[in-house]
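To start, the structure under review is shown below, and the notes come after it.
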Amino acid sequence: DAVAATLDAVVSIAALMAVQVAPADQCRHVLKALYPQHAHQVLGRLMPSLAVQSKSLPRGSWDSQQHMTAFHAWSLETTDQLLGSADHHEAGDEEGTLLVVCVLQQLCIRSPDKTDDRKQVAAALVALFYHHVHPHAAATSTFLTFLDSFSRSDKVACRQFAVEVTTQLILNDQWTTTPDHHSFRLMYALLLQRASDRSVWVRNKALVGLTAVLARSAALQQTPSSPWSHAVVAELTKTTNPRDDDAVPSQLSRLLQNRLQDDKKMVRKSALQALEVLLVMEPDMAMVAEIQLKCTDSSIVVRKQAMQVLTTLLSKDPTNRDLQSIWNWGVLPLVNDPEPTVQTSCVDFVHATLCQRLWEWHDRRRRRQDNDTIPPSLAAVLDQFAQLDRMLVNFFQVAIRHLVKRGKLDVCDVVRHCIQGIKLPQAESSSWVMLDELHAHLLEHVTAADCRVLTNMWNDKLPENDHTLRMLRVLSSIAPRVAAMDASAIATGLQQSLHAFSFPMNVIPGAILALRQLNSHSQPRSLWVVDLWSACDTVMNDVVGQGITDVTRLQRVLCTMGDLWSDMDQYTQRLQHIHRFLLPSFNHETTPAAVRAVAFLALGKVSLASQAIAKDSMTMFIRELQTSDNVAIRSNILLILGDLCMQYTSMVEVYVPTIAACVLNPDVLLRRNVLLMLTQLILQGYIKWKDALVHYFLHLVVDDNVELAHLARHVLSGALLQKTPNLFTTKFVETIFVLNNAMDPSTSVAALSDADVHALSCSGADRFPRRWDVYQFMLSTMTDFQKVDLTGKLTRGILEEVSEQKLHLHANPTDIRDNSVERVVQDALLVLSSSEIKLSPGGGSGDGDDNYNQMDDMDAPSSSMKDATRNLASKLAKKNLVVNVIPVVIGVKHQLEAKRSPVMRYLLHYIQDLMTSFKDEVTDVLNMDPQLAKEIAFDLKQYKAQKLAKSRASFGGTSSMGVTTPLLKKHMTPLTRILRERRSSFQDCGSDDESVMKTLDFSTREVPPPSAARGRSFAPLVEVVPDEEEKEAEVSSDSDFEVIEKPTKLAITKHPKRAKTRAKHKRGA
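In case it helps, mature numbering (1 follows the signal peptide of the UniProt record, and there is no 0) puts the sequence shown at residues -24 to -1, 1 to 1045.
Next comes the structure, spelled out in structure tokens:
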């Protein structure tokens, strides 16, 4: 007792002296004197301060965090000296080493929750490990075995601390100099296992640890004969497939590939960081292609990290043409990303990867001597630029535009480089592209000599030059600086080419623009325009008289007429010429589809110039969009309608539902064009989310074409959702009706035709996965407050309507069809009980992983505002549950029981989920009606018994229900699908049921007499012999599969006593 009191006093004095920043050497001397005989007591008093427990400090007005750090440092130094004392810890003293292992185990068990405190404890543990445990192989093995077991704890904090300690142990300098292959194998396996942990925090920490290990190995590979690097490489290559020639570890690659598809964004980001280090060590183009797909991820941090990884890989191997192509298609499109930070990062990557290397190439070429050569890594930028197609070139020009706005490009130097580059075959393409983008600034930075160079390039160009249109735009911008003789010569050549209709259709608008600019001061506009109209009229008259003989020439004439038209041109005969080629037949011959497509495009250009013509042509455009079977014609009409909507919004707005219906077309290109056009119009504010427009977008979310579905998800969860944040919340109830092909007159679905609703729907049990994908996508974009709001909308819009009999249920379960109200109620209950609609971790009332909030470990640290927001959302959810949800659920239960509806099974599933997530709130409400509480407890117990019976049958393999044939899977009920997916994901699926039954234990109330209790014993359902009508309802309610074909059979009446006697004899046998 005296020793215990002395130790407490000494440690308290040391804590007080640490607070006052006074030396505590005398306290340490006392502990050293007591340590040989009372080692366990001494270390036990130091353990709270080693574990950074604030209760070990005396109370006062000082900064507890600062002085806790000082006291922890003193305790660590003291413990280190005590464990290293010669009197107790000798080289062969097993008791001393085991005592050190016990100290390390206690530090693991007492690990704090805060990130900074955990780091201090982990650093102390690592220091003690390498000072006192690492020299002993047996003690090292013992502690690592404990650490592996500790990493499998049920508590998230324990698993996370084990991962952090393991990472620090591997990366410690003492271990890297003298590595132990067996120890590394154990710790590496621990990180691999925890990278698949069910907690997002543990998965993320494990991936961060693997990244650090790989990065350290890559850095030490530069050091010859590094034992640490050899140990890492030996462990990694051990898991490599021997049939493969590369050294990429297949096990780690598969793990990281799976983590790229993780549902948590920070895990995906950490997986990308690990892949960056791994692929730098050994490139794998298949994995690089997977990283390219992450450039279109829904998360901002994942997109930015994917760009960073691709840029790093390209900088390590700039001559790899496959890597160049992947970088082009992965990074360049993000210059149009709706998130400004992603745009900024993308522009910076483009500037560093393409622009700066191009300027460096020009500088090296200008300064080089005769014998100097440009490095292949620098010359590879020209090869990379040559891979850009028209779409990627447009993205690159957008990046140049942003760089000019931000002032990161010296336009004068860029123009000078490009004018020199157009003379070089290898740099001609990139130079014309940048001059084209900078054409608005050329007039300020070009000289007369530069103009002569540009005009000479036009005069010397080949007829099939790919940069003709860019040259014309550049010449149009510098027209005031071009010499009169050169301008006249170029204008004459352009007139001749236009009169001969030798320009391609895409060059004709640029040629007409250049001709207008060059002739603005010399030749009146009317002269060359009249001559060109005369040439068009001549060709048209020839075609009318002789028929269509040259399709290409006729297309160019129509295109020229459309570009020449202005509001002053009201020639009826010329407009009739265009209308003539819109018809399917011309002069008793079929009009070529290519000619009709260009004719519609020409009419669209004319409509843009004349509102009266546009009004007269609108009906024609819409009719052809609905009836034409040619994709080119319909695509051109979509392009025209998009431009007309920007200029004459009210004229086109009424036809938006008809335009949106094109998403039901079987052609992928047309569906993609509709998606992009409507997205652009919505973002620019020309059209609104009226009627059922959102359902056409959601139809593309589950499109059969994977790329189109990915694009639809990207635009809906990105730019469109930012413009209308509450879009999915307001349209969710309506979406359930549409997807189930159920009409609801109170919503905007009534404006759709029956054919459109049927085409947009995914009704039926076999198509439930498509409906569920739509629901999950919509829920994944919602905030906590929107989820609370959605819960109320589902309750009021569907469940309350059923409770008040405004939505009528079928009296006979056999009358239920795929588009019945019961299917809507089923989907609503499944959504309400899904994990996606629950609040984010920290905002709900559950426990375990969901309640372990470690946002400070992520890149975006949590703040008090975020915590307050989550707490407020949790309080609102609980209030909404008590006030709105539970009373409505009780009313729905009465209605379903009265109808003997099979939806009762879904309602019980939802009630069970409520009891698991909000057990206190539900219990408080049910305490007001004890009889109702007993009924719900009985129903849930029966439901649990049925679910466990089916679970054993499916897992046991002895029942036919364990084998799911394609036909049975097709007709599997939605609830059965979800339950089986959960069973396949989590083996411990019965824990929630136990908590529910404990919650429903009303043992504090009056207990019935024993006889009554025996009379109401909860016998299994299989022993109950119900009436024939009740038995039919139960089979319909509890079946795992929809009724495929119900054979008719004669009803056999069984006497209860005889049945009981037969069952008794059967058990006896």
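All C-beta atoms in this analysis are idealised placements derived from N, C-alpha and C, irrespective of residue type, glycine included.
Same chain only: Cβ atoms within 6 Å of residue i, ignoring 5 sequence neighbours per side
| i | result |
| --- | --- |
| ALA573 | ALA608, ILE609 and ASN612 |
| ARG235 | VAL243 and ALA247 |
| HIS784 | none |
| ALA375 | VAL311, VAL323 and VAL326 |
| ALA328 | none |
| SER739 | ASN716, ASN717, ASP794 and ASN795 |
| LEU52 | ALA100 |
| PRO485 | ASP539 |
| ALA46 | ALA(-7) |
| ASP679 | ALA685 |
| PRO111 | none |
CA nearest to the CA of residue i, picked from the options
| i | options | result |
| --- | --- | --- |
| ASN717 | GLN907, ASP730 and HIS393 | ASP730 |
| TRP504 | GLU565, LEU491 and MET516 | LEU491 |
| ALA9 | PHE914, VAL(-22) and GLU897 | VAL(-22) |
| LEU358 | LEU186, SER407 and VAL750 | SER407 |
| MET653 | TRP748, SER893, ASP(-24) and ALA636 | ALA636 |
| PHE761 | ILE488, PHE713 and LYS814 | LYS814 |
| ILE774 | GLN802, THR118 and LEU251 | GLN802 |
| PRO701 | SER811, ARG746 and ASP765 | ASP765 |
| LYS855 | LYS875, VAL879 and ASP900 | ASP900 |
| THR(-19) | HIS14, GLN(-5) and LYS875 | HIS14 |
| ILE792 | ALA844, LYS875 and ALA424 | LYS875 |
| SER25 | ALA(-10), LEU411 and ASP56 | ALA(-10) |
In DSSP terms, what residue i is bridged to
| i | result |
| --- | --- |
| PHE576 | For PHE576, which the question treats as bridged, DSSP gives no partner whatsoever. |
| PHE562 | GLU565 |
Residue i versus residue j: straight-line alpha-carbon distance, rounded
| i | j | result |
| --- | --- | --- |
| MET242 | PHE372 | 29 Å |
| ARG244 | LEU890 | 31 Å |
| GLN96 | VAL28 | 8 Å |
| HIS564 | LEU551 | 20 Å |
| PHE126 | HIS157 | 21 Å |
| ALA(-7) | PRO88 | 21 Å |
| VAL264 | LEU255 | 8 Å |
| GLN830 | ASP313 | Residue confidence for GLN830 is low, a pLDDT of 39 falling below 50, so the modelled location carries little weight; the figure read from the coordinates is stated next. Rounded to the nearest angstrom, the two C-alpha atoms are 30 Å apart. |
| LEU186 | LEU646 | 45 Å |
| GLN396 | VAL450 | 15 Å |
| ALA787 | LEU251 | 58 Å |
| VAL582 | ASP592 | 12 Å |
| TRP530 | VAL519 | The sequence shown places Leu at residue 530, rather than the Trp named in the question. Between LEU530 and VAL519, the C-alpha separation is close to 8 Å. |
| LEU289 | PRO309 | 18 Å |
| GLY469 | ALA403 | 27 Å |
| GLN602 | VAL639 | 12 Å |
| LEU58 | ARG846 | 46 Å |
| TRP665 | SER693 | 15 Å |
| CYS331 | HIS443 | 20 Å |
| TRP541 | ARG532 | 14 Å |
Cut-off 8 Å between Cβ atoms - residues of its own chain near residue i, not counting five sequence neighbours on either side
| i | result |
| --- | --- |
| PHE576 | LEU558, PHE597, GLU600, ILE609, ASN612, ILE613 and ILE616 |
| LYS280 | THR317, VAL318 and SER321 |
| HIS690 | THR272 and SER274 |
| VAL139 | SER127, LEU166, LEU167, ARG170, VAL178, LYS181, ALA182 and GLY185 |
Close Cβ partners of residue i (< 7 Å) along its chain, the five nearest in sequence each way excluded
| i | result |
| --- | --- |
| TYR662 | CYS621, MET622 and THR625 |
| ILE276 | GLU315, THR317 and VAL318 |
| GLY68 | Note that GLY68 scores 49 on pLDDT, short of 50, meaning its location in the model is unreliable; the coordinates nonetheless yield the value given after this. Within the same chain, GLY68 has no close Cβ partners at all. |
- [ ] Would you mind listing the alpha helix (DSSP H) stretches within the stretch 36 to 124 that are 4+ residues and don't spill past its ends, in chain order?
- [x] 40 to 59, 70 to 85 and 91 to 104
Task: Runs of beta strand (DSSP E) wholly within the stretch 240 to 297 (minimum 3 residues, chain order) - done: none
- [ ] Can you check the stretch 319 to 393 for any beta strand (DSSP E) of at least 3 residues that lies completely inside it and give the ranges in chain order?
- [x] Scanning the stretch 319 to 393 for uninterrupted beta strand (DSSP E) segments of 3 residues or longer gives nothing; none is fully contained.
- [ ] Return the chain-ordered ranges of every alpha helix (DSSP H) run that is complete within the stretch 418 to 462 and spans a minimum of 4 residues.
- [x] The qualifying runs are 424 to 436 and 444 to 453.
Open item on the list: Quick check on the DSSP output: what are the complete alpha helix (DSSP H) runs of length 4 or more inside the stretch 853 to 907, in order along the chain?
Closed with: Runs found: 862 to 875, 880 to 893 and 895 to 902.
Task: Runs of alpha helix (DSSP H) lying entirely within the stretch 597 to 677, each at least 4 residues, in chain order - done: 607 to 623, 625 to 629, 632 to 636, 644 to 659 and 669 to 677
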